[in-house]
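Asks: Pasting in a structure now, in structure tokens, and then I'll have a few things to ask.
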Amino acid sequence: MVASSHAEQLYGLCASAAREIHEECASLLSAGPPNDDATASSLAGCGPALVNLLSRQAVQVRNCYGSLHSTRVCSDRLSPDERALILKRLDDIASIAYTKFYAFIFKDLPACWRQLYTDASILKFCFTLLHTPYVGEYSWVPGDRGSPDGLDSCELGELIKTLDLAIILAGAAGERRGRRWIDRSFELLHLAWVEDARGDGGIAFSDRPPRRTKLSTNSDGQGLDTNEQRRMTFSTDEPFTPPVRHPIRTVEALPLEQFQAHMDRPRDQKLGPEPLVIRHAIDEWPSLNTRPWKDPTYLLSQTFGGRRLVPVEIGRSYVDEGWGQKLITFGEFLESHIGPTLSGTKAEPQAADQSQNAPSIPATPVAYLAQHPLFTQLPALRNDIVIPDYCYTSPPPHPTDPSIDQPELDEPLLNAWFGPPGTITPLHNDPYHNVLAQVVGRKYVRLYSPLETERMYARGKEGGVEMGNTSLIDVGVVEGWDVAPYNDDEASAQSVAGFKDAPFVDCILEPGDLLYIPIGWWHYVRGLSVSFSVSFWWN
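Written as structure tokens, this is what we have:
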């Protein structure tokens, strides 16, 4: 079988990366001791021993790609033990770099360690790719894993995991390669994967249909299958719906000038602009129409059948005891935490008088893909949304505390929020103005003004982490919607009584709604159904 043009481009990209890494390392080793600036911004800061070790692995990978154009392919030149040793050395380099991540606050971590992790990951990806069933223009390589029918799912998962860890853990650092190289590799790998699924040739990544319909065939997350894919959407069922008591002002899509006027001429000059729900301003987003995020089949198609890694929060709320974070495949996230809420195209009926009943306790811990820069990791999904024009206006500073204001952003900060019913973001405030876009499902949001900050009872430093932007008050517990977490005695009766007297506004966001949250406003967010939102921070 002849490799596709996309596969050929991917092999060429890998060959260039191995050559570049070797040349960069060789240049650093021959240049002598670096100055401080060079140390901070290049691999030189990792020391000559590690640079030399990385260089030797780059030579091995480079030579393997060079052998594609000779009569001796890499599998003939290297024994299985030699191949295993190269992979172990690359894993060792990445592990050494990763230990340095714990020695610094991430923003202070020298870039050299992040680049070292990224370059080791790139070489591992390139070397693993070589030992997949099809190599460049050449046919089946005898003795490799898998079969001519296709690349084993585990191999594809390993390729994806290697680069995803470089993105999530190391920020895909490196000026010459880094994120640009990884994004391009994922793009080419995905195109080859799609070609194979259509029978157009390319690297054979087989996704054989399982015997029964489910979200993924195993923990590796192969994704939805067969005819059931076309009928599945995320359920709109809401196990619990809080009442809206003090509705936020709601308007139809505003011209930019009117939104600017809303911020410039508030009803209360001391308070500043107030929250605003804006409807029908994002109706043309592909994520709501032609590339719908409510369709799990589409989301899986953009994540290699669910094989992309994502960080999720495990637990009801990030302030609860036992809360944690975990890296899992997107397919596993859907299978384990969203799968029970799948439905057909018709919405399921909701129980009558739901708002009067406390929500049931979930059988498994709630998992939330929360405040994650998903669109940096998955550029294809970024193309499904558009930054609202409102984020390019000139908002006012914080109304009561100038110390909270941040340096001006060049571009809005985008984060994804995706989870099952019952996800909770506890009462907190942010140092930016925020436009929250609801794409899938519904969310309840309650807001308190910055003038009520004293009655929000902010936390302090906890475990060395500054939590001053988060309240001690658990809104769900105070309202009787939730059972108090184990050993939750942080908020005194006096503070709860003071909090209950604080005025607030609230709303339920529907798909296609925008919620403007001014800087400094305390807000509590609760997912009512399966929900996918995007936040845009700007100043």
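Take the sequence shown: its letters are residues 1056 to 1594, numbered as in the working numbering. Each residue gets a CB set at the ideal place from its N, CA and C atoms; glycine is no exception. This one's a predicted model, so the numbers in the text were calculated from it and none came from an experiment.
Under DSSP, the beta strand (DSSP E) around L1502 begins and ends at which residues?
Replies: Here residue 1502 corresponds to residue number 447 of the sequence shown, with the count starting at 1. Here the beta strand (DSSP E) through L1502 covers K1498 to Y1503.
Asks: Do you know offhand how far S1290's Cα is from D1537's?
Replies: The residue labelled residue 1290 in the question sits at position 235 within the sequence shown. The residue labelled residue 1537 in the question sits at position 482 within the sequence shown. Each residue's Cα considered, the two are about 22 angstroms apart.
Asks: Looking at P1566 and V1490, is the spacing between their C-beta atoms short of 8 angstroms?
Replies: Position 435 of the sequence shown, counted from the start, is the residue given in the question as residue 1490. Position 511 of the sequence shown, counted from the start, is the residue given in the question as residue 1566. Taking 8 angstroms as the Cβ cut-off, V1490 and P1566 do not qualify as a contacting pair.
Asks: At which residues does the alpha helix (DSSP H) containing D1561 begin and terminate?
Replies: Counting from 1 along the sequence shown, the entry for residue 1561 is found at position 506. No alpha helix (DSSP H) contains D1561, which is instead part of the beta strand (DSSP E) from V1560 to L1564.
Asks: So if DSSP puts P1600 in a beta bridge, which residue, or which two residues, is it bridged to?
Replies: Any question about residue 1600 goes unanswered here, given that the chain covers just 1056 to 1594.
Asks: If I follow the unbroken beta strand (DSSP E) through Y1353, where does it start and stop?
Replies: Taking the first residue of the sequence shown as position 1, residue 1353 is located at position 298. Note, Y1353: premise wrong, no beta strand (DSSP E); alpha helix (DSSP H) at P1351 to S1356.
Asks: So, helix, strand or coil for G1067, using DSSP?
Replies: In the sequence shown, the residue the question calls residue 1067 occupies position 12. Helix at G1067.
Asks: In terms of DSSP beta bridges, what is V1490 paired with?
Replies: Mapped onto the sequence shown, residue 1490 falls at position 435. Answer is Y1571 and F1591.
Asks: Would you mind giving the Cβ-Cβ distance between A1073 and Y1120, rounded to the nearest angstrom? I have them listed as a contact below 8 angstroms.
Replies: In the sequence shown, residue 1073 corresponds to position 18, counting from 1. In the sequence shown, residue 1120 corresponds to position 65, counting from 1. That pair is a contact at about 6 angstroms.
Asks: Could you give the first and the last residue of the continuous alpha helix (DSSP H) run that contains G1121?
Replies: Counting from 1 along the sequence shown, the entry for residue 1121 is found at position 66. Unbroken alpha helix (DSSP H) run through G1121: P1103 to G1121.
Asks: May I ask you to report which of helix, strand or coil DSSP gives N1282?
Replies: Start at 1 with the first residue of the sequence shown, and residue 1282 comes out as number 227. In this predicted model, N1282 has a pLDDT of only 48, less than 50, meaning its place in the structure is not dependable; the value taken from the coordinates is given anyway. Reduced to three states, the DSSP call for N1282 is helix.
Asks: For Y1373, which of helix, strand or coil comes out of DSSP?
Replies: Residue 1373 sits at position 318 when you count from the first residue of the sequence shown. Here Y1373 sits in coil by DSSP.
Asks: Let's test the definition: count the other Cβ atoms within 10 Å of the Cβ of Q1112 and tell me whether it reaches 16, buried, or not, exposed.
Replies: For the purposes of this step, residue 1112 is taken as the residue at position 57 of the sequence shown. It is buried - the Cβ of Q1112 has at least 16 other Cβ atoms within 10 Å.
Asks: I'd like the list of long-range same chain contacts for V1374, defined as Cβ closer than 6 angstroms, with 5 residues on each side in sequence excluded.
Replies: In the sequence shown, counting from the first residue as 1, residue 1374 sits at position 319. Same-chain partners within the cutoff: P1481.
Asks: Go ahead and label N1438 buried or exposed: buried means 16 or more other beta carbons lie within 10 angstroms of its beta carbon, across all protein chains shown.
Replies: Along the sequence shown, read from residue 1 onward, the residue named residue 1438 stands at position 383. N1438 comes out exposed.
Asks: Looking only at DSSP bridge pairs, what is I1333 linked to?
Replies: As a working mapping, residue 1333 is identified with position 278 in the sequence shown. DSSP lists V1306 and L1569 as partners of I1333.
Asks: Identify which residue in Q1064, A1062, Y1571 and G1553 has its Cα closest to the Cα of V1530.
Replies: For the purposes of this step, residue 1530 is taken as residue 475 along the sequence shown, with counting starting at 1. Measuring from the Cα of V1530, the nearest candidate turns out to be G1553.
Asks: Tell me R1581's beta-bridge partners as DSSP assigns them.
Replies: Numbered from its first residue, the sequence shown carries residue 1581 at position 526. Beta-bridge pairing links R1581 to I1479 and Y1499.
Asks: Tell me whether F1159 sits in a helix, a strand or coil according to DSSP, three-state version.
Replies: The residue you call residue 1159 lines up with position 104 of the sequence shown. Coil, per DSSP.
Asks: By DSSP, does Q1170 sit in helix, in strand, or in coil?
Replies: Taking the sequence shown and counting its residues from 1, the one referred to as residue 1170 is at position 115. The answer is helix: DSSP assigns Q1170 an H, G or I state.
Asks: Taking L1098 and L1171 to be in contact with their CB atoms under 8 angstroms, please state how far apart those CB atoms are, rounded to whole angstroms.
Replies: To locate residue 1098, count along the sequence shown from 1; it is residue 43. To locate residue 1171, count along the sequence shown from 1; it is residue 116. Right, the Cβ-Cβ distance comes to about 6 angstroms (below 8 angstroms), so this counts as a contact.
Asks: Measure the alpha-carbon distance for T1508 versus P1452 and round it to whole angstroms.
Replies: On the sequence shown, position 453 is the one that residue 1508 refers to. On the sequence shown, position 397 is the one that residue 1452 refers to. Computed Cα separation, rounded: 16 angstroms.
Asks: What span of residues does the beta strand (DSSP E) with A1471 cover, start to end?
Replies: If you number the sequence shown from 1, residue 1471 lands on position 416. It spans L1468 to G1474 - the beta strand (DSSP E) in which A1471 sits, taken as one unbroken run.
Asks: Could you pull the start and end residues of the beta strand (DSSP E) that L1042 belongs to?
Replies: The requested residue 1042 is not part of the displayed model; the chain covers only 1056 to 1594.
Asks: Would you say I1528 and V1551 are within 8 angstroms of each other, going by their C-beta atoms?
Replies: Working through the sequence shown from its first residue, we reach residue 1528 at position 473. Working through the sequence shown from its first residue, we reach residue 1551 at position 496. Going by C-beta atoms, I1528 is nearer than 8 angstroms to V1551.
Asks: Return the first residue and the last residue of the alpha helix (DSSP H) that R1437 is part of.
Replies: One-based indexing of the sequence shown puts residue 1437 at position 382. Note, R1437: alpha helix (DSSP H), P1434 to R1437.
Asks: What are the partner residues of T1183, as DSSP defines its beta bridges?
Replies: By one-based count along the sequence shown, residue 1183 stands at place 128. DSSP output for T1183 lists no bridge partner at all.
Asks: Using alpha carbons as the reference points, say which of L1164, F1430 and I1440 lies closest to N1470.
Replies: Position 415 of the sequence shown, counting from 1, holds the residue named residue 1470. For the residues L1164, F1430 and I1440, the minimum Cα distance to N1470 belongs to F1430.
Asks: In this structure, does DSSP put T1455 in helix, strand or coil?
Replies: As a first step, residue 1455 must be located in the sequence shown, where it is residue number 400. Here T1455 sits in coil by DSSP.
Asks: Drop a sphere of 10 angstroms on the beta-carbon of P1298, count the other beta-carbons inside from all chains shown, and report buried for 16 or more, exposed for fewer.
Replies: Sequence index remark: in the sequence shown, residue 1298 carries index 243 (1-based). So P1298 counts as exposed.
Asks: Would you kindly check if the distance between the Cβ of T1345 and the Cβ of Y1423 is under 8 angstroms?
Replies: Locating residue 1423 in the sequence shown gives position 368, where the first residue counts as 1. Locating residue 1345 in the sequence shown gives position 290, where the first residue counts as 1. In this structure, T1345 does not lie closer than 8 angstroms to Y1423 by Cβ.
Asks: Please report how far the alpha carbon of S1588 lies from the alpha carbon of A1492, in whole angstroms.
Replies: Against the sequence shown, residue 1588 aligns to sequence position 533. Against the sequence shown, residue 1492 aligns to sequence position 437. Answer to the nearest angstrom: the Cα atoms are 6 angstroms apart.
Asks: Alpha carbon to alpha carbon, how far is E1376 from R1497?
Replies: Here residue 1376 corresponds to residue number 321 of the sequence shown, with the count starting at 1. Here residue 1497 corresponds to residue number 442 of the sequence shown, with the count starting at 1. Near 27 angstroms, if we compare the C-alpha coordinates of R1497 and E1376.
Asks: To which residues does DSSP link S1550 through a beta bridge?
Replies: Here residue 1550 is taken as the residue at index 495 of the sequence shown, counted from 1. For S1550, which the question treats as bridged, DSSP gives no partner whatsoever.
Asks: Run the CB neighbour count on G1229, radius 10 Å, all protein chains shown included, and call it buried at 16 or more, exposed below.
Replies: The count along the sequence shown starts at 1 and reaches residue 1229 at position 174. It is buried - the Cβ of G1229 has at least 16 other Cβ atoms within 10 Å.
Asks: Less than 8 angstroms between the CB atoms is what I'm expecting for V1106 and L1178, so what's the real figure, rounded?
Replies: On the sequence shown, position 51 is the one that residue 1106 refers to. On the sequence shown, position 123 is the one that residue 1178 refers to. So it is not a contact: roughly 13 angstroms between Cβ atoms.
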